[in-house]
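Please read the structure below before turning to the comments.
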Amino acid sequence: MITKQFRQAALALGVTMLLAGCAGPNPRDPYEGYNRAMFNFNDTVDTYALKPVATGYKNVTPQFVQTGVSNFFGNLGDAWTAINQFLQGNGEAGMSDVSRFALNSTLGVLGLFDIASEAGLQKHKEDFGQTLGVWGVESGPYLVLPLLGPSTVRDTVALPADIAGDIWRYKDPTNVRNIGTVVRVVDTRASLLDASSLLEDAALDRYEFLRDGYMQRRESQVHPDGAPRKVQKDDTDETSAPVSSEPAAKELNSGTPPAAN
Numbered sequence: 467m468i469t470k471q472f473r474q475a476a477l478a479l480g481v482t483m484l485l486a487g488c489a490g491p492n493p494r495d496p497y498e499g500y501n502r503a504m505f506n507f508n509d510t511v512d513t514y515a516l517k518p519v520a521t522g523y524k525n526v527t528p529q530f531v532q533t534g535v536s537n538f539f540g541n542l543g544d545a546w547t548a549i550n551q552f553l554q555g556n557g558e559a560g561m562s563d564v565s566r567f568a569l570n571s572t573l574g575v576l577g578l579f580d581i582a583s584e585a586g587l588q589k590h591k592e593d594f595g596q597t598l599g600v601w602g603v604e605s606g607p608y609l610v611l612p613l614l615g616p617s618t619v620r621d622t623v624a625l626p627a628d629i630a631g632d633i634w635r636y637k638d639p640t641n642v643r644n645i646g647t648v649v650r651v652v653d654t655r656a657s658l659l660d661a662s663s664l665l666e667d668a669a670l671d672r673y674e675f676l677r678d679g680y681m682q683r684r685e686s687q688v689h690p691d692g693a694p695r696k697v698q699k700d701d702t703d704e705t706s707a708p709v710s711s712e713p714a715a716k717e718l719n720s721g722t723p724p725a726a727n
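467 is the number of the first residue of the sequence shown in the working numbering; add one for each residue after it.
Here it is as structure tokens:
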């Protein structure tokens with residue numbers, strides 16, 4: 467399963483590289499022709515498959531069950547977030563995320579209950595694409611990946627690491643992992659139903675709206691204070707800017723679930 471996921475990520479990256487000769491007028495979106503075609507493909511899949519299932523799930527599943535599902539997978543994501551915090555030199559936030567994961571995994575019954583937030587431990591969301599950004603890697607052009615949705619060259623390169631860092635990918639037996647993955651995808655899409663409906667009503671060009679929103683959101687995640695974050699070597703290094711761990715606004719710009727987050 468893991469090998470298959472890596473192959474899929476590598477294939478997506480290979481397609482990205484093959485598009486190098488198809489530049490368009492927008493410097494942030496030189497592959498707009500391909501991106502719009504893939505956006506339309508993803509939108510069709512969402513409209514006729516994922517969205518109806520997510521709507522049914524939201525309508526028939528008790529809210530406490532939906533909350534438990536979101537909490538469970540969110541707790542697994544806290545472990546990878548903590549690793550990325552440390553890689554970014556943000557030790558304090560990293561320790562907070564480790565504490566969140568430990569507390570919710572035990573007293574929170576494997577993460578079904580978010581005890582950590584009630585205890586004052588703030589939830590963060592970091593991935594390897596953000597880590598590369600903190601290290602100084604530019605985002606590169608905007609990309610729309612098959613089924614996964616909005617991305618950039620940097621985030622696509624980071625995708626294999628994010629896949630490897632997803633604890634659920636290692637769950638056995640395989641049938642339990644696959645069923646859980648389907649539930650995870652549907653639950654994530656259900657959480658975005660209201661946002662996607664608002665988008666459909668408000669945006670004249672949904673593609674541009676989603677693209678601009680994604681690029682701005684990722685920039686704010688990497689540079690939350692408007693200036694590049696620097697990896698702190700030690701607490702006494704006065705040349706290092708403080709690393710903010712404030713979470714970005716809830717993702718409103720994808721009808722498909724994000725990469726393994």
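Glycine included, every Cβ here is placed at the ideal spot set by N, Cα and C. It should be emphasised that the depicted structure is a prediction, and the values quoted were computed from it without experimental measurement.
Looking at C-alpha atoms only, which residue of the options is the closest neighbour of residue i?
i, options, result
"L659", "G599, N525, N506", "N525"
"R502", "V623, L665, L611, S565", "L611"
"F594", "N641, A627, F530, E558", "A627"
"N508", "L609, T640, S605, R650", "L609"
"L587", "A568, L578, Q596", "A568"
"D544", "D512, K589, Y500, I581", "K589"
"D678", "P616, L664, P690, L625", "P616"
"M504", "L613, T527, I581, G574", "L613"
Run through DSSP, which three-state label would residue i get?
i, result
"Y673", "helix"
"L613", "coil"
"Y497", "coil"
With residue i as the anchor, note down where its alpha helix (DSSP H) starts and where it stops.
i, result
"S657", "640-657"
"F530", "529-553"
"G692", "No alpha helix (DSSP H) contains G692, which DSSP labels as neither H nor E."
"A520", "517-526"
"P626", "619-630"
"L587", "L587 -> no alpha helix (DSSP H), and no H or E assigned at all."
"F579", "Where F579 is concerned, there is no enclosing alpha helix (DSSP H), given that its DSSP letter is neither H nor E."
"S562", "557-572"
Give me, in chain order, the residues of the same chain whose beta-carbon lies closer than 7 Å to that of residue i; leave out the 5 immediate sequence neighbours on both sides.
i, result
"P607", "R494, D495, P496, Y497, T618, V619"
Examine chain D for any beta-carbon lying closer than 9 Å to the beta-carbon of residue i, and answer yes or no.
i, result
"W601", "The structure shown contains no chain D; it holds only a single protein chain."
Short of 6 Å in beta carbon distance, which residues of its chain neighbour residue i, apart from the five on each side in sequence? Order them along the chain.
i, result
"G631", "W546"
"L542", "I633, W634"
"L578", "G534, N537, F538"
What residues in its chain sit with their C-beta under 8 Å from that of residue i, if we drop five residues either side in the sequence?
i, result
"K416", "Outside the displayed span of the chain (467 to 727) sits residue 416, for which this structure offers no information."
Worksheet item: Looking at C-beta atoms only, is the number of pairs between the region 685-693 and the region 519-537 that lie closer than 8 Å three or more?
Response: In short, these stretches do not touch, since the Cβ pair count stays below three.
Worksheet item: Three or more beta-carbon pairs under 8 Å between the region 666-674 and the region 531-539, yes or no?
Response: Three or more Cβ pairs closer than 8 Å define a contact, and the region 666-674 falls short of that threshold against the region 531-539.
Practice prompt. Check whether the region 597-617 touches the region 543-556, counting contact only when three or more Cβ pairs, one atom from each stretch, lie closer than 8 Å.
Written response: They touch, by the three-pair rule.
Worksheet item: Does the region 562-569 come within contact of the region 537-548, defined as at least 3 CB pairs closer than 8 Å?
Response: These segments touch.
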